[in-house]
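Each residue of the sequence shown is one higher than the one before, starting from 321 at the first, in my numbering.
Encoded as structure tokens, the structure appears first; notes follow it.
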Amino acid sequence: NYSKIWTTINFHDTKNLDGVTSKEWAEIEDIKDYAFYGCTGFSGAFDLPEKLEKLGAYALSGVTGIHGSVTWPKGLTYLGDRAFEKITELVFSADLPDCLTYIGDYVFSQKESFSGALELPESLVEIGDYAFDRCYGLYGQLQLPATLETVGKGAFMHCSGFTGDLIIPIGVTKIGDSAFGGCTGLG
């Protein structure tokens with residue numbers, strides 16, 4: 321079981337990896353916190369494992385040399401804090417996985433390549449602080465799912481492409497400061 325092995329391997333600050341692809345990689349279910357933190361010299365596309373359920377905090381933070389479009393694994397439930405921090409060459413789909421329950425702090429903050437009509441899954445429970453801050457490419461109606469309980473501070477700050485009425489679900493118990501600050505198109 322490669323997911324068990326993966327919990328003991330850490331590529332933190334590794335140099336000159338030539339991409340990560342293989343049959344074994346596709347079986348990984350959990351990429352731990354800081355797993356690839358600061359790795360440089362990747363070359364080529366970086367596909368998330370098909371069976372991935374959890375991407376830990378800072379898991380890919382600061383990784384350089386990877387590019388391409390992120391295809392979200394269907395079973396992904398957890399995106400850890402700052403998982404994609406300082407990554408500039410990946411293109412993110414705004415159509416998030418159906419079973420995603422947690423989007424951590426700063427996950428998509430200032431990602432120019434994160435664009436489209438944002439579709440938050442009906443399973444989503446928490447959106448972390450500044451999760452979508454300054455994602456200028458997002459547009460359309462922002463629909464918060466009925467399962468949502470927490471919207472972190474600055475979560476959608478400066479996402480000026482959203483339009484229409486913002487309806488806060490009855491189950492939301494916490495909305496952080498400036499969660500929708502600068503969202504000029506919301507009513």
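Each residue gets a CB set at the ideal place from its N, CA and C atoms; glycine is no exception.
Specify, as a first and last residue, the run of the beta strand (DSSP E) that residue i falls within.
{"i": "TYR459", "result": "458–461"}
{"i": "ILE386", "result": "386–390"}
{"i": "VAL411", "result": "410–415"}
{"i": "ALA437", "result": "434–439"}
Leaving out five residues before and five after residue i in sequence, what residues of the same chain have Cβ atoms less than 7 angstroms from its Cβ?
{"i": "ASP485", "result": "GLY507"}
{"i": "VAL383", "result": "PHE356, CYS359, PHE362, ILE407"}
Note down, in chain order, each residue of its chain lying with its Cβ closer than 6 angstroms to the Cβ of residue i, except the 5 sequence neighbours on either side.
{"i": "ILE488", "result": "none"}
From the DSSP output, in three-state form, read off residue i for me.
{"i": "ALA403", "result": "coil"}
{"i": "ASP333", "result": "Low confidence applies to ASP333: its pLDDT is 46, below 50, so where it sits in the model is not reliable, and the reading given next is rough at best. In this structure, ASP333 counts as coil in the three-state DSSP scheme."}
Name the DSSP bridge partner or partners of residue i?
{"i": "LEU506", "result": "GLY484"}
{"i": "TYR450", "result": "Answer is none; TYR450 lacks a bridge partner."}
{"i": "LEU375", "result": "ILE351, LEU399"}
{"i": "THR470", "result": "GLU446, LYS494"}
{"i": "TYR422", "result": "TYR398, GLU446"}
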